[in-house]
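Numbering (the working numbering), first residue to last: 4 to 212.
Using N, Cα and C, we set each Cβ at its ideal position, and we do this for glycine too.
Please read the structure below before turning to the comments.
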């Protein structure tokens, strides 16, 4: 009986060692592929909010952290500085609209330091399917209506949905979601205009492992 238990234990240990070995090998083989796909996906997103022709630095390597209530909360948000010949020309910044219909709406916005918006994309949301989810580019081109728009200051009343006297369409049956996005984009663009004096002192994002 004892010999049988020992034999079964040894068999189980050998099986576990072999399984662990295979898992380790597979991880080592697939990790570079996964990392490369992650980098490509991130670059594709950044290319949608800042035209690649505007800068000549490696945008993903120019990642920094910023924190300001204008970004929707007091958490740290990633910011990518686009430079042309070492001169900062624009940023892509992650921001949050905290007052969506179903909670936070996470976005990334690209703009220059004069308040001109190059692009906006929604990264994560929990809005109602068929109504508020039209903020997604795959469902509607509404999010592209920010392209080329300029935010001057908080008195820029036209930078609002039409129901509030502004220029941006709202969705039929869903006003809260587009209002939250428009207000967040406006606040973020105004905040970006204040960034130039801070750019050289921002903490860098950790290097990817």
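Segment limits, alpha helix (DSSP H) that includes residue i
i           : result
residue 189 : 179–195
Buried versus exposed, by CB contacts within 10 Å (16 or more), residue i
i           : result
residue 210 : exposed
residue 133 : exposed
residue 112 : buried
residue 30  : Its pLDDT being 44, under 50, residue 30 is placed unreliably in this model, and the value from its coordinates should be taken loosely. Looking at its Cβ environment, which holds fewer than 16 other Cβ atoms inside 10 Å, residue 30 is exposed.
residue 181 : buried
residue 75  : buried
residue 84  : buried
residue 90  : exposed
residue 173 : buried
Alpha-carbon to alpha-carbon, residue j and residue i
i           : j           : result
residue 102 : residue 81  : 20 Å
residue 200 : residue 190 : 18 Å
residue 117 : residue 155 : 8 Å
residue 193 : residue 151 : 15 Å
residue 109 : residue 97  : 7 Å
residue 205 : residue 67  : 6 Å
residue 50  : residue 196 : 21 Å
residue 202 : residue 123 : 21 Å
residue 125 : residue 92  : 23 Å
residue 176 : residue 104 : 12 Å
residue 198 : residue 143 : 31 Å
residue 183 : residue 54  : 25 Å
residue 78  : residue 153 : 26 Å
residue 119 : residue 94  : 11 Å
residue 207 : residue 86  : 16 Å
residue 65  : residue 140 : 26 Å
residue 48  : residue 160 : 29 Å
residue 57  : residue 73  : 25 Å
Coarse secondary structure for residue i, derived from DSSP in three states
i           : result
residue 114 : strand
residue 175 : coil
residue 153 : strand
residue 138 : helix
residue 75  : coil
residue 109 : strand
residue 146 : helix
First and last residue of the uninterrupted beta strand (DSSP E) at residue i
i           : result
residue 86  : 80–87
residue 126 : 120–127
residue 68  : 66–69
residue 103 : 90–103
CB-CB length for residue i against residue j, believed under 8 Å
i           : j           : result
residue 162 : residue 168 : Their Cβ separation, rounded to whole angstroms, is 10 Å, which puts residue 162 and residue 168 out of contact at 8 Å.
residue 186 : residue 100 : 7 Å
residue 136 : residue 130 : 5 Å
residue 121 : residue 52  : 6 Å
residue 147 : residue 166 : 20 Å between Cβ atoms; not a contact.
Cβ-heavy atom distance, residue i to the ligand FAD, below 7 Å
i           : result
residue 130 : Absence of the ligand FAD is noted for the structure shown, with no ligands found whatsoever.
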